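Reviewing the structure listed below.
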Amino acid sequence: MKGNIVIIGGGIAGMEAAKSLISLGYSPIVVESSTKLGGHVASWYKLFPDMSSAKNLVSRLESEIKGATVLCGTKVISLNRLADGYSLKLSNGSVVNASALLIATGFTLFDAKKKEEYGYGVYDRVITNSDLEAWFSEKKDARVPDEPESVGFVHCVGSRDLKACNAQCSKVCCATAIKQAIEIKERFPYAKVYCFYMDLRLFGKKYEDFYINAQRDYGVQFIRGRVSEVGETLDGRLQIKAEDTLSGKPLKVQLDLLVLMSGIVRNQSIGELSAMAGLETDSDGFLRSIDNEYAVIESNRPGIFYAGACTGPKTVPETVAEARSAALAIHSYLETL
Amino acid sequence: MAERFEIGFHPFVIPFLAGMVFVLGVCFIKAVIVVSQLDEGDRKKWFRSLIHPNILIKNLVDIILDCLIHVRLWKRNKVLGFMHSSIAFGWFMIILLGHLQVLIYFPEKLSTCYYPIFFDYFIEGGQYTVISKIMDGFLLLILAGIALAVVKRFWSRLFGMRRTTRPTLYNLIGLYSLWAIFPLRFLAEQCVRSGDLSVPLWWAYSIALCTFMTVLPFGRYLHIPAEMLLITFRNAGVGITQPHKGMARVQADSCPNCGVCIDACPMNADPANLKDSTVYLTRQLRRRNQERIREISDKCLLCGKCTSVCQVGVDGPKLRILSRAAKKYRISPDFSNAGAGITVPSAENKVLYFSGCMTSLTPKIGRSVESVLKKAGIDYEWMDRDGGLCCGRPLYTAGRLKEAAELAARNEKQILESGVRVLLVSCPICYREFRERYNLPGIRVVHYADYFCELMEQGLLRFEKSDTCYVFHDPCELGRGCGIYESPRRLISKAAAIAEAPKNRKESVCCGGSLGSLSLDFSRREKITAASLENLYRSRADAIATACPLCFATFARYSDRPVKDLAQIIDEQTKQI
Amino acid sequence: MTDFGFTLSKSSTLDLQNVDRERFEQLCKLEKGASVCIGCGSCSATCPAGILSGMSVRKVVLAVQRGQDVRSMLQCCMLCGKCTMVCPRGINTRNLILSICSIYG
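Residue numbers (this note's numbering), protein chains in the order written: chain X, 598 to 934; chain C, 11 to 587; chain F, 122 to 226.
Next up, the structure:
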């Protein structure tokens, strides 16, 4: 059993970790609850800031983890501590023993229906960021009009919002909104595009350039004010209310499409796993690392490691970097056994 | 025996007499003060009611049923009901029969007033009449009640009460002296012929009576005389108009500190709020502790559950609203221009739909109401589709009564000008305000639950029943506030399956989102909501239905199963005819 | 003195060091939420009084923080509670408004 590693979660964190572990000479087992690998990234169209294809990333990673055992559509039913590792019972009936576990369960996208005032599921022309990504790839969504005159993006839907029970910043939505605004502008150059934000948090490399591009080259309008209500006019257009806080006036605008930037919330299935494995959760509901500066990938249990958004919202490069360092940490840990 | 009978006096009656004079004097003065504090009109109403035969009979019946037999308590808790009525009714009967006995056998002694109380001593237990046998029976009944009271004092959970009030010193003295009176009387009567012990026991009996009567005006036992006054006030139609005077004072004094409201109060899902139930408000009102009165008043959700379970009918929300109204603010609103930019559509012969402020944050409700109206072919106008004025209830519950009335007047004017005959409301908060505090002559104000029920009966809605099982949460303002319990249930059972939560209707648990509370902030409401949801989950329904935008938004935030507004359910399960 | 053709008027600079914070601190004691406002404007956008009168809870909170007079800014408030419903920071805005009404004067 020594050297047996189970990775829970087959998103980019799990795949990247598997890839690194393969290169270190291990043959990890990847357990993925959905039917395909790639997680949220697999359903994204392009990644910021370089606009590279998300699908290419996922398929490249898939080809690189041929040395791993991949179990899709499989869940962990129970988890027991052994003297020198863990024993996992899987939903396919098998029992796997592992010296080390990597938790890479990622996140859940906030259910925009919970922000009833934004009218997702009520009005026809309100979609979420993930709906829009799906439309970019497949072009099939009756809610997206053929020639929208004006499109709005609402930042921070279900993040930084106590009322949505998520106080944390989702980190990626600001850049995603700008990316999607640019993509909309590329498809509908004559549409007016508005981004409604509380604070713009463009901290990553080249994100600021991205922001400048959107302003200068694409004419995206940034309004500092959180949308508070969405209504519908008699002719079926959306009417939104916000405050233009910079001019200090209430603002209303009619839109043909409203995109809600659903935030990152803790994976809804993480509760069971953390209970089974005795893992601590943090005040924000995500898994708690040993510390949040130096040991983000380490858990309170020996032999269990974290990678990616299971410990909090992460960007793609952060997730990939964590996956690699977790692979290395697992390697060092197994050497000490 | 002859000697005792001849003299007809013993020094041990003095404590009893002193206590009696004291308690009657204090209660009389208190009653005079309270009556003088009433508004001029209310006072006249009260005096007139005292000579009105019908009200007089009602007063008597209510006093017997409520104060002596405790009918309301019986309905709620049989053991507690027995305990209270055995003591109150038993004691009353002993006093009554004791006087009757003296009246029949020694009418000349009746004027001494203590004679019936110490009767057995003076006649040395000589004559066993039928009356004295009945009295012994009542005394045993009281002793059984006292025994229950002792058990309840130390193991209140046996009586189904999770929490009771912590008694004050006066209340403890009153309680123990009350417990002592009857066993002492019993022993004194038993020992009346055995010499030595007899006189000390009669002394102890008299002192216990004196103690009880002396502390009565300062503790919870003031509720005994106060409740009688409260009943006459209520039957005369006297209302609470001042924060701590008149009717408010009588209500505070009538609170028996039983603590039923503590377990009922939804806020007590969080132990931090344990000391803010109505029983503590009345206690602080008696003590005139302004700081605590303010704190308790501001925190309350005004759900009204304490009033619905209260044995004497203390109106907790109203007492609090008036306490809030006592606060002086340095900035006062000015609504002279309010509503100037709003145009209300002319709606003659149509239904005018008023959705209210909150519904614009829960667009599903407004759209569903609209869609059902369309399906039923009702001609309607939506008064505040693009925003309107607040109904004024939030101002009213915050204690800004004058401002609320000003706002109401603005709305009244607009509604009357529209020429409408039926005003349809979807928010129970607005609905209650329209019903209770608006003057809209010739206009029928109706909540959609009632209105859709009528449409259903008229055959204007065609239902298709779904398999989903809903549990209906009675919103405070719709249920306890306006008494609408049946219509929502009839509609749901037509549209889907329905289950009931253990605590429902009058005892429904506030969702915690209420606008009634001024000081409870968001983070301190979560536990209240969790407790309310827990009650609904126990019904094992698949989904939760409610009929209030605030309940809807609050539940949707934390619920692990779908939450729908009643209008939405009706809309989903009806077809165009 | 040379006449430059214009007169010196009072500086319009906000002198942050000398801002009177007393009222704001008083307010924070009555309503702790006052200190966590991020000025997102949700409250003002949803305010039924705001559309007609320009009332803005966000501006009021900011003005109290900056030691300015807010007496004329709250007169149209109907205490309807919509601002409390939408505030992402969970501020009890109704208590905030009532507290401001009680400390200014």
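Backbone N, C-alpha and C define an ideal beta-carbon position, used for all residues, glycine too. The structure presented is a predicted model; accordingly, all values stated were derived computationally and were not measured.
Starting from residue 524 of chain C, follow its DSSP beta bridges and name the residues at the other end.
Bridge partners of residue 524 of chain C: none, in fact.
Distance cutoff 8 Å, beta carbons only. Does residue 169 of chain F sit that close to anything in chain X?
No - not a single Cβ of chain X is within 8 Å of the one on residue 169 of chain F.
Taking Cβ positions, are residue 438 of chain C and residue 487 of chain C nearer each other than 8 Å?
Contact flag set, yes.
For residue 785 of chain X and residue 820 of chain X, which I take to be in contact (beta-carbon distance under 8 Å), what is that distance rounded to the nearest angstrom?
The Cβ separation is near 19 Å, so there is no contact.
According to DSSP, is residue 591 of chain X part of a helix, a strand, or is it coil?
Past the boundaries of the shown model lies residue 591 of chain X; chain X is included only from 598 to 934, so the question cannot be answered.
So, at 6 Å on beta carbons, what are the nonlocal neighbours of residue 355 of chain C in its own chain, with the 5 sequence-adjacent residues on each side left out?
Around residue 355 of chain C: 391.
What residues from chain C crowd round residue 762 of chain X, counting only those whose CB sits closer than 8 Å?
What residue 762 of chain X touches in chain C, judged by beta-carbon distance under 8 Å, is 567, 568, going in chain order.
Taking residue 826 of chain X and residue 713 of chain X to be in contact with their CB atoms under 8 Å, please state how far apart those CB atoms are, rounded to whole angstroms.
Not confirmed; about 10 Å, so no contact.
In terms of alpha-carbon separation, which member of F:205, F:192, F:214 lies closest to residue 144 of chain F?
Put simply, of F:205, F:192, F:214 the residue whose alpha carbon is nearest the alpha carbon of residue 144 of chain F is F:192.
Anticipated Cβ contact below 8 Å, residue 100 of chain C with residue 180 of chain C, distance rounded:
Residue 100 of chain C to residue 180 of chain C, Cβ: 24 Å. No contact.
Short check: CB of residue 159 of chain C to CB of residue 189 of chain C, under 8 Å?
Taking 8 Å as the cut-off, the Cβ atoms of residue 159 of chain C and residue 189 of chain C count as close.
Three-state secondary structure (DSSP) at residue 383 of chain C?
Look at residue 383 of chain C here: in three-state DSSP terms it is helix.
Using the beta-carbon of each residue, which ones in chain X are nearer than 7 Å to residue 535 of chain C?
Under the 7 Å cutoff, chain X gives no residues; its nearest Cβ is about 11 Å from residue 535 of chain C.
Compare the C-beta of residue 187 of chain F with all C-beta atoms of chain C and state if any pair is closer than 8 Å.
At a cut-off of 8 Å between C-beta atoms, residue 187 of chain F does not count as an interface residue with respect to chain C.
For the structure I just gave you, are there three or more beta carbon pairs, one from the region 270 to 289 of chain C and one from the region 236 to 251 of chain C, closer than 8 Å?
A contact is defined here as three or more CB-CB pairs under 8 Å, and the region 270 to 289 of chain C fails this definition with respect to the region 236 to 251 of chain C.
Against chain X, which members of the region 368 to 397 of chain C pass a CB distance test of less than 7 Å?
Only those residues of the region 368 to 397 of chain C whose C-beta falls short of 7 Å from the nearest C-beta of chain X are listed: 370, 371, 372, 373, 374, 377.
When Cβ atoms are compared, which residues of the region 741 to 765 of chain X fall closer than 8 Å to chain C?
Within the region 741 to 765 of chain X, the qualifying residues are 759, 760, 761, 762.
Drop a sphere of 10 angstroms on the beta-carbon of residue 140 of chain F, count the other beta-carbons inside from all chains shown, and report buried for 16 or more, exposed for fewer.
Exposed.
Could you please give the first and the last residue of the uninterrupted alpha helix (DSSP H) stretch that includes residue 702 of chain X?
Counting along the chain, residue 702 of chain X sits inside no alpha helix (DSSP H), nor does DSSP assign it H or E at all.
Please report the distance separating the alpha-carbon of residue 427 of chain C from that of residue 420 of chain C.
The straight-line gap from Cα to Cα measures roughly 11 Å.
Cβ of residue 400 of chain C within 8 Å of any chain X Cβ:
No, no contact with chain X.
Could you check whether the Cβ of residue 357 of chain C sits closer than 8 Å to any Cβ belonging to chain X?
In terms of beta-carbon proximity, residue 357 of chain C stays away from the interface with chain X, with every pair separated by 8 Å or more.
Fully enclosed by the region 680 to 755 of chain X, which beta strand (DSSP E) runs are 3 residues long or longer?
If we require 3 residues or more, the beta strand (DSSP E) runs fully inside the region 680 to 755 of chain X come out as 682 to 687, 692 to 695, 697 to 700, 704 to 706, 723 to 725, 747 to 754.
In whole angstroms, what is the alpha-carbon distance linking residue 352 of chain C and residue 393 of chain C?
C-alpha separation (whole angstroms): 10 Å.
Using a Cβ-Cβ distance under 8 Å, would residue 577 of chain C count as near chain X?
Not one chain X Cβ lies under 8 Å of residue 577 of chain C.
Residues of the region 710 to 724 of chain X with a CB closer than 7 Å to any CB of chain C: list them in chain order, please.
Sequence-ordered contacts of the region 710 to 724 of chain X with chain C read 711, 713, 714, 716, 719 [C-beta pairs closer than 7 Å].
On the DSSP bridge list, what partners appear for residue 171 of chain F?
Paired residues: none, contrary to the question.
Just to confirm before moving on: does the CB-CB distance between residue 638 of chain X and residue 609 of chain X stay below 8 Å?
Yes, the pair counts as a contact, with Cβ atoms nearer than the cut-off.
Output, in chain order, the set of chain F residues within a Cβ distance shorter than 7 Å of residue 838 of chain X.
For residue 838 of chain X, the residues of chain F that pass the 7 Å Cβ criterion are 166, 167, in the order they occur in the chain.
Backbone secondary structure at residue 650 of chain X - three-state DSSP:
Correct three-state label for residue 650 of chain X: strand.
Using the C-alpha atoms, what's the distance from residue 531 of chain C back to residue 213 of chain F?
So the two alpha carbons sit approximately 5 Å from each other.
Anticipated Cβ contact below 8 Å, residue 83 of chain C with residue 321 of chain C, distance rounded
With 8 Å as the limit, residue 83 of chain C and residue 321 of chain C qualify as a contact, their Cβ atoms being about 5 Å apart.
Put residue 509 of chain C into one of helix, strand or coil per three-state DSSP.
DSSP places residue 509 of chain C in the strand class (E or B) of the three-state scheme.
Below-8 Å beta-carbon distance, residue 215 of chain F vs any chain X residue:
Residue 215 of chain F has a beta carbon lying at 8 Å or more from every beta carbon in chain X.
Are the region 790 to 805 of chain X and the region 767 to 780 of chain X touching, with three or more C-beta to C-beta distances below 8 Å?
Between the region 790 to 805 of chain X and the region 767 to 780 of chain X, the count of Cβ pairs shorter than 8 Å is three or higher; the stretches touch.
So, is the C-beta of residue 826 of chain X closer than 8 Å to a C-beta in chain C?
At least one C-beta of chain C is nearer than 8 Å to the C-beta of residue 826 of chain X.
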